[in-house]
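Colleague: So that we are looking at the same thing, I have put the structure below in structure tokens.
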Amino acid sequence: MSGLRIEELPDRLVVTLDRPEKRNAIDAELIAELHGVCAELEARPRLLLLTGGTEGIFAGGADIAQLRERGRLDALAAINQAAFARIRALPMPTVAAVDGPALGGGAELAYACDLRVCTARAVFGQPEVRLGILAGAGATYRLPALVGEARAKELLFTGRRVDADEALRIGLVNRVVAEPAELLPTAHGLLDEMAKGSALALRLTKLAVDAPAAAHPQLDLLSQAVLFEDEEKHRRMTEFLERRRSR
-5 MSGLRIEELP DRLVVTLDRP EKRNAIDAEL IAELHGVCAE LEARPRLLLL TGGTEGIFAG
55 GADIAQLRER GRLDALAAIN QAAFARIRAL PMPTVAAVDG PALGGGAELA YACDLRVCTA
115 RAVFGQPEVR LGILAGAGAT YRLPALVGEA RAKELLFTGR RVDADEALRI GLVNRVVAEP
175 AELLPTAHGL LDEMAKGSAL ALRLTKLAVD APAAAHPQLD LLSQAVLFED EEKHRRMTEF
235 LERRRSR
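For what it's worth, this note's numbering labels the leading residue of the sequence shown as -5, then goes sequentially.
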């Protein structure tokens, strides 16, 4: 893949945006490659770490040269939105590791992941209104869910950028690391903690959390019924009880 670097580990994929000459701008080719990643993770579910590396840039937004030439039929085709929705719906949890700017479509790509870790020099922003468009790849509904309606509207209406400290304070990111060298180890550490759990329990928990309110509590009850019959549940609980007896 020309726009992505992919490292395959036993329980996860590490996907690095790799268009440094374009500040990792998201173009149609990169979107097609992200669809390929999603197809792989849908067929064989694993954790995902999505990053721009630690070179001081996550993604500078959509490729403006391409975006300028798109018409209404391109907008209706949901080019970026469809790929980001597919990332959001992946079976297993996802983490975005953000170093430097995540702007426009780059920020929306980070929002599509379940968790976000960033460096102290990270910055998030939605400058779309200043370019005569709106944030059409998920920010209008994912950002309010993350930071609240009023704050999301401020950011979407003004295009103001949010630095790492503010992002942590308002709940846009889960963790901030002081040095870029700490970013990927911290993101992997989060995934390592997840990997200690039952893969099926992780999948069903993500499904439940992301489900519309009307699906609860029925979805929770059905998911728990599946897990109560799972051999993994019996093994893990037996090991827990044996450890407690040994203490």
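We put the CB at the ideal spot given by N, CA and C, even for glycine.
Given this structure, state the Cα-to-Cα distance separating R115 from G130, to the nearest angstrom.
Modeller: In a straight line, the C-alpha of R115 is about 26 angstroms away from that of G130.
Colleague: In angstroms with no decimal places, state the Cα-to-Cα distance between D224 and V89.
Modeller: Between D224 and V89, the C-alpha separation is close to 27 angstroms.
Colleague: Assuming contact is defined by CB atoms lying nearer than 8 angstroms, are G165 and V203 in contact in what I supplied?
Modeller: No.
Colleague: In chain order, which continuous runs of the alpha helix (DSSP H) of length 4 or greater are located wholly inside the region 135 to 167?
Modeller: As far as the region 135 to 167 is concerned, its whole alpha helix (DSSP H) runs of at least 4 residues are 143 to 152, 158 to 163.
Colleague: Span of the alpha helix (DSSP H) holding T199?
Modeller: Taken as a continuous stretch (DSSP letters only), the alpha helix (DSSP H) holding T199 covers 193 to 204.
Colleague: Touching or not, the region 58 to 69 and the region 3 to 12, by the rule of three or more beta carbon pairs under 8 angstroms?
Modeller: The answer is no - the region 3 to 12 does not touch the region 58 to 69, with fewer than three Cβ pairs under 8 angstroms.
Colleague: V220: buried (16+ other C-beta within 10 angstroms of its C-beta) or exposed?
Modeller: V220 comes out exposed.
Colleague: Along the alpha helix (DSSP H) that carries R230, what are the first and last residues, could you check?
Modeller: First-last of the alpha helix (DSSP H) with R230: 225 to 240.
Colleague: Is it buried or exposed for H182, if we count other Cβ within 10 angstroms and need 16 for buried?
Modeller: Classification for H182: buried.
Colleague: Can we say the region 104 to 122 touches the region 21 to 35, given the rule of at least three CB pairs closer than 8 angstroms?
Modeller: Because the criterion of three Cβ pairs below 8 angstroms is not met, the region 104 to 122 and the region 21 to 35 do not touch.
Colleague: Please classify F234 as buried or exposed, where buried requires at least 16 other C-beta atoms within 10 Å of its C-beta.
Modeller: So F234 counts as exposed.
Colleague: Could you give the C-beta distance for G153 and R124, rounded to a whole number, given that I count them as a contact under 8 angstroms?
Modeller: The pair is a contact, with the Cβ atoms about 5 angstroms apart (cut-off 8 angstroms).
Colleague: Between K16, L216, G132, L84, which lies nearest to I51 when the distance is taken from Cα to Cα?
Modeller: It is K16.
Colleague: Determine the contact status of A104 and G54, defining contact as a CB-CB distance below 8 angstroms.
Modeller: Not in contact: A104 and G54 (Cβ atoms no closer than 8 angstroms).
Colleague: Would you mind working out which of A139, T134, L128, G126 sits nearest L251, comparing C-alpha positions?
Modeller: Given that the chain is displayed from residue -5 to residue 241, the structure contains no residue 251 and the question cannot be resolved.
Colleague: In angstroms, rounded to a whole number, what distance separates the CA positions of L265 and N168?
Modeller: The requested residue 265 does not occur in the structure, where the chain is confined to residues -5 to 241.
Colleague: Might you give, ordered along the chain, the residues of its own chain that have their beta carbon closer than 8 angstroms to the beta carbon of I58, omitting 5 neighbours on each side?
Modeller: Excluding residues within five positions, the ones whose Cβ falls inside 8 angstroms are A19, L125.
Colleague: I need the DSSP call for G47, collapsed to helix, strand or coil.
Modeller: Of the three classes helix, strand and coil, the one that applies to G47 here is coil, per DSSP.
Colleague: Please determine, among L213, P4, L41, the residue with the shortest C-alpha to C-alpha distance to L196.
Modeller: Cα-wise, what sits closest to L196 is L41.
Colleague: Within the same chain, show all residues whose beta-carbon is closer than 6 angstroms to that of R82, passing over the 5 residues directly before and after it, in chain order.
Modeller: If we look at R82 and ignore the five residues flanking it on each side, its Cβ neighbours are A106.
Colleague: Pull up the DSSP beta-bridge partners for E2, would you.
Modeller: DSSP output for E2 lists L7 as bridge partner(s).
Colleague: Spatial neighbours of L213 within its chain, please: CB distance less than 6 angstroms, with the 5 preceding and 5 following residues excluded, ordered by chain position.
Modeller: Closer than 6 angstroms at the Cβ level, and outside the excluded window around L213, lie A202, A205.
Colleague: Is L137 closer than 8 angstroms to L150 when the C-beta atoms are compared?
Modeller: Closer than 8 angstroms, so yes.
Colleague: For L42, which beta-bridge partners are listed by DSSP?
Modeller: Its beta-bridge partners are L7, T88.
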